[in-house]
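Engineer:
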Amino acid sequence: MLGPGSGKERNKEHCAVTNGASEEPEDLEERLCEEISLPMCKGIGYNFTSMPNNFNHDRQEEAGLEVNQFWPLVQINCSPSLRFFLCSMYIPICLSNYRQPLLPCRALCERARSGCAPLMHQYGFNWPDQLRCDQLPEADGSKIVCMDNTTKESTTPATTAPSRPVVLTPCEDLPCKCKEPMVDMSGERHDLRGLASRIRSLAGSIPTDCAMSCQSPFFSSDEQAFVALWIGLWASLCFTSCLATVLTFLIDSARFQYPERTVYYAATGPALCTVVFFLIYFFGMAAAVWWVVLSLVWFLAAGLKWSSEAIAGYSHYFHLVAWFVPSVKVVIVLALSAIDGDPLSGICYVGNQDTQALRGFVLIPLALYLLLGFTFLMAGFVSLVRIRSAIKQGGRKTDKLERLMLRLGAVALLYTVPAAATLVCHLYEQHYREAWQRTWNCAGECTPEDEQALRPRPAFAIFMIKYLAALVAGLASTAWLCSAKTIEAWKIFCTRCFWSETNEFCQYVSIIHLFSRAPIVLRWRYK
29 MLGPGSGKER NKEHCAVTNG ASEEPEDLEE RLCEEISLPM CKGIGYNFTS MPNNFNHDRQ
89 EEAGLEVNQF WPLVQINCSP SLRFFLCSMY IPICLSNYRQ PLLPCRALCE RARSGCAPLM
149 HQYGFNWPDQ LRCDQLPEAD GSKIVCMDNT TKESTTPATT APSRPVVLTP CEDLPCKCKE
209 PMVDMSGERH DLRGLASRIR SLAGSIPTDC AMSCQSPFFS SDEQAFVALW IGLWASLCFT
269 SCLATVLTFL IDSARFQYPE RTVYYAATGP ALCTVVFFLI YFFGMAAAVW WVVLSLVWFL
329 AAGLKWSSEA IAGYSHYFHL VAWFVPSVKV VIVLALSAID GDPLSGICYV GNQDTQALRG
389 FVLIPLALYL LLGFTFLMAG FVSLVRIRSA IKQGGRKTDK LERLMLRLGA VALLYTVPAA
449 ATLVCHLYEQ HYREAWQRTW NCAGECTPED EQALRPRPAF AIFMIKYLAA LVAGLASTAW
509 LCSAKTIEAW KIFCTRCFWS ETNEFCQYVS IIHLFSRAPI VLRWRYK
């Protein structure tokens, strides 16, 4: 590498372009060179810099705070010239026998901009004004020295070489390929998808048949062990809550009329998810649909003044939608072989490897269910507020209605917030997953270790929030059980079942009787 007092590698093919600047102002102060400490610019082709830079940053740490904002663009390699261009701007080269600042050539800037500006525009960003190419020198024969790092797209040849050339040692760009512990699945198939994956790999894109193994390269063994404890804890609480809801419904089903009855049907989803993890998608989506049904029947009861009997008349339609829609999606997922494993939690789901499957089967349905449910819920809540105002104007008490509104708000809060958090976590994952995989599979083998530490990796806390939000929604049904009626129902059940001489209540709660008290749709199915 080139540095003050170093004469090594001055005949390398990558050199600065000079335009005949052989004399330097005598009154220019001697520039103090310091070794480059910014990881992004180590190994860029020169070892020493001087501060302040072109942006009046007095220290490399200050420059690093700004230049690291472009690190994702460097990682995805939108332009091979971007990294050298950024470093030449923020961490300029320092030569012991050349005291003037060396700016990058305009051609270098234009190559970096042409490769990365279109990608930035896709995400709503413009090329920064401080990096405008028209303010940089051109190699047009004027007495200006500028820096460039290419031999294929060189600027106009210089008439006079600089007293000390700028030497580059570019890191070889390797094609994307699956690296351990990821698993290359391209050899397992010979269809058009496998051919497209190989073409994408040669073009520098992420291989489509590169699958995650059970040992994720993005998380440590300690983090994976913590995930098992984290999911086990919240799954146990979720199972307990849902089981209490189901048992309370069975011993006192006459108490739960529409719209309250939908809370019971929604509770069956997360409870079974904790027992059968393979069916977590089906019952999770079913619970989300029941959330929409709950919000709808609340709107019908509070907003349109429907009675419980009128709503119960449509119960078979509620069951049809709540169980049929997730079933159709499960069949489609199975037909497309889109089931994959989460390398962090070990749970079978959809979209852990395929971003498009994550969008189509998880993100879009969850966003739609959340939006519909929240809309109906807010409409029903506004109607309850109006009813409360009308009752108060009539001089009657509103204690019972206020308790109802409080419980409704608790259920809405316990479901809406986790559902929104789950949606945000999935959005985060699908937005950055390609960058995570690219930096692992497409990084050159000559990347320095300190730069490897800067590779973008998933935020462990966000994944913990995702698992928590998926399970804590099962606690929403508990809000509806927090009443004196629930305690009284369990007191009667325990008294008649364990302390009664004839145990009449235990005989009453039999399988045959439970079947006779099952929903209409279930009884009709067995007729």
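Sequential numbering from 29 applies to the sequence shown in our numbering. Don't be surprised by glycine CBs; every beta carbon is placed ideally from N, CA and C.
1) Considering only their Cβ atoms, is the gap separating L114 from C144 smaller than 8 Å?
2) Apply the 10 Å Cβ neighbour rule to Q421 and answer buried if 16 or more other Cβ atoms are within range, or exposed otherwise.
3) Per DSSP, which one or two residues make a beta bridge with C376?
4) Terminal residues of the continuous alpha helix (DSSP H) containing V410?
5) Quick check: L398 and A440, are their CB atoms within less than 8 Å of each other?
6) Please classify K494 as buried or exposed, where buried requires at least 16 neighbouring CB atoms within 10 angstroms.
7) To the nearest angstrom, report how far apart F112 and H149 are at their CA atoms.
8) Return helix, strand or coil for T77, following the three-state DSSP convention.
9) Residues in the same chain with beta-carbon distance under 6 Å from A497, minus the five sequence neighbours each way, listed in chain order, please.
10) On the three-pair Cβ rule with 8 Å, is the stretch 401-412 touching the stretch 321-336?
11) A338: buried (16+ other C-beta within 10 angstroms of its C-beta) or exposed?
12) Output the distance between the C-alpha atoms of N154 and L66, rounded to the nearest integer angstrom.
13) Pick from I520, L396, V500 and E94: whose alpha carbon is nearest that of W258?
14) Note down the Cα distance separating H459 from E138, rounded to an integer number of angstroms.
15) What first and last residue would you give for the alpha helix (DSSP H) that runs through M148?
16) How should R270 be labelled, buried or exposed, when 16 other C-beta atoms within 10 angstroms of its C-beta is the threshold for buried?
17) Buried or exposed: S365, going by 16 or more other Cβ atoms within 10 Å of its Cβ?
18) Leaving aside the five residues before and after V255 along the sequence, list all residues of the same chain whose C-beta is less than 6 Å from its C-beta, in chain order.
19) What three-state label does DSSP hand C174 in the structure shown?
20) Please confirm whether G379 and F389 have their CB atoms less than 8 Å apart.
21) I think L412 touches M433, with their Cβ atoms under 8 Å apart; what is that distance to the nearest whole Å?
22) What number of angstroms, rounded off, separates the C-alpha of F76 from the C-alpha of P120?
23) Determine the DSSP secondary structure at Y345, reduced to helix, strand or coil.
24) Taking I308 as part of the alpha helix (DSSP H), name the residues at either end of that continuous run.
25) Closer than 7 Å by C-beta to A140: which residues in its own chain qualify, once you throw out the five before and the five after it? Chain order, please.
26) Between C61, A272 and W351, which lies nearest to N125 when the distance is taken from Cα to Cα?
27) Taking only three categories from DSSP, how would you classify L60?
28) From this set, L131, P156 and A253, which residue's C-alpha is nearest P165's C-alpha?
29) So is F352 buried or exposed if we call it buried at 16+ other beta carbons inside 10 Å?
30) In the DSSP assignment, what are the bridge partners of Y126?
31) State the DSSP-derived secondary structure class of L131, mapped to helix, strand or coil.
32) Going by CA-CA distance only, name the one from I308, F488 and T444 that's closest to I367.
33) Spatial neighbours of S248 within its chain, please: CB distance less than 6 Å, with the 5 preceding and 5 following residues excluded, ordered by chain position.
34) Quick one: what's got a C-beta closer than 8 Å to P80's C-beta in the same chain, skipping five residues either side?
35) Quick one: grab the DSSP three-state call for T450.
36) Does the distance from the CB of W326 to the CB of A350 come in under 8 Å?
Structural biologist: In brief:
1) As a first step, residue 144 is located in the sequence shown; it is residue number 116 there, counting from the start. As a first step, residue 114 is located in the sequence shown; it is residue number 86 there, counting from the start. Taking a C-beta distance under 8 Å as the contact criterion, C144 and L114 do not qualify as a contact pair.
2) Within the sequence shown, the letter at position 393 stands for residue 421. It is exposed - the Cβ of Q421 has fewer than 16 other Cβ atoms within 10 Å.
3) Locating residue 376 in the sequence shown gives position 348, counting from the first residue. According to DSSP, which records beta bridges pairwise, C376 is partnered with G369.
4) By one-based count along the sequence shown, residue 410 stands at place 382. Per DSSP, V410 belongs to the alpha helix (DSSP H) from I392 to Q421.
5) Residue 398 sits at position 370 when you count from the first residue of the sequence shown. Residue 440 sits at position 412 when you count from the first residue of the sequence shown. For L398 and A440, no; Cβs fall outside 8 Å.
6) Mapped onto the sequence shown, residue 494 falls at position 466. Per the 10 Å Cβ criterion, buried.
7) The residue given as residue 112 occupies position 84 in the sequence shown. The residue given as residue 149 occupies position 121 in the sequence shown. Cα atoms of F112 and H149: separation of roughly 22 Å, rounded to the nearest angstrom.
8) Residue 77 sits at position 49 when you count from the first residue of the sequence shown. Strand at T77.
9) Position 469 of the sequence shown, counted from the first residue, corresponds to residue 497. Cβ within range, chain order: P446, A449 and T450.
10) The stretch 401-412 is in contact with the stretch 321-336.
11) Within the sequence shown, numbered from 1, the residue matching residue 338 stands at position 310. Answer is exposed; the Cβ neighbour count stays below 16.
12) Indexing the sequence shown from 1 puts residue 154 at position 126. Indexing the sequence shown from 1 puts residue 66 at position 38. In this structure, the straight-line span from the alpha carbon of N154 to that of L66 is close to 25 Å.
13) For the purposes of this step, residue 258 is taken as the residue at position 230 of the sequence shown. Closest by alpha carbon: V500.
14) Along the sequence shown, one-based indexing puts residue 459 at 431. Along the sequence shown, one-based indexing puts residue 138 at 110. Taken atom to atom, the span from the alpha-carbon of H459 to that of E138 is near 28 Å.
15) Position 120 of the sequence shown, counted from the first residue, corresponds to residue 148. Start and end: R134 to Q150.
16) Position 242 of the sequence shown, counting from 1, holds the residue named residue 270. The identity of residue 270 in the sequence shown is Cys, whereas the question assumes Arg. C270 should be labelled buried.
17) Translated into positions along the sequence shown, residue 365 becomes position 337. Per the 10 Å Cβ criterion, exposed.
18) Residue numbering aside, residue 255 sits at position 227 when the sequence shown is read from its first letter. The residues L372 and S373, in chain order, have a CB closer than 6 Å to that of V255 in the same chain once the five nearest residues on each side in sequence are set aside.
19) Numbered from its first residue, the sequence shown carries residue 174 at position 146. Note: C174 maps to strand in three-state DSSP.
20) For this step, residue 379 is matched to residue 351 along the sequence shown. For this step, residue 389 is matched to residue 361 along the sequence shown. Annotated as proximal: G379 and F389, with beta-carbon spacing under 8 Å.
21) To locate residue 412, count along the sequence shown from 1; it is residue 384. To locate residue 433, count along the sequence shown from 1; it is residue 405. So it is a contact: roughly 5 Å between Cβ atoms.
22) By one-based count along the sequence shown, residue 76 stands at place 48. By one-based count along the sequence shown, residue 120 stands at place 92. Distance between the alpha carbons of F76 and P120: 8 Å.
23) Taking the first residue of the sequence shown as 1, we reach residue 345 at position 317. When DSSP states are grouped into helix, strand and coil, Y345 belongs to the helix group.
24) On the sequence shown, residue 308 is found 280 positions in, with the first residue counted as 1. Segment I308 to W326, the alpha helix (DSSP H) holding I308.
25) Here the question's residue 140 lines up with position 112 in the sequence shown. Answer for A140: S107, S109, L110 and F113, listed in chain order.
26) As a working note, residue 125 is residue 97 in the sequence shown. Nearest of C61, A272 and W351 to N125, Cα basis: C61.
27) On the sequence shown, position 32 is the one that residue 60 refers to. Three-state result, L60: coil.
28) Position 137 of the sequence shown, counted from the first residue, corresponds to residue 165. When each option's Cα is compared against that of P165, the closest is L131.
29) Residue mapping note: residue 352 aligns to position 324 of the sequence shown, counting from 1. Around the Cβ of F352, a 10 Å sphere holds fewer than 16 other Cβ atoms; the residue is exposed.
30) Here residue 126 refers to the residue found at position 98 of the sequence shown. According to the DSSP secondary-structure assignment, Y126 is paired through a beta bridge with L123.
31) Residue mapping note: residue 131 aligns to position 103 of the sequence shown, counting from 1. Three-state DSSP puts L131 in a strand.
32) Start at 1 with the first residue of the sequence shown, and residue 367 comes out as number 339. Measuring from the Cα of I367, the nearest candidate turns out to be I308.
33) As a first step, residue 248 must be located in the sequence shown, where it is residue number 220. Excluding sequence neighbours, S248 sits near nothing in its chain.
34) Residue mapping note: residue 80 aligns to position 52 of the sequence shown, counting from 1. Closer than 8 Å at the Cβ level, and outside the excluded window around P80, lie D86.
35) Here residue 450 refers to the residue found at position 422 of the sequence shown. Reduced to three states, the DSSP call for T450 is helix.
36) Here the question's residue 326 lines up with position 298 in the sequence shown. Here the question's residue 350 lines up with position 322 in the sequence shown. The answer is no: Cβ separation not under 8 Å.
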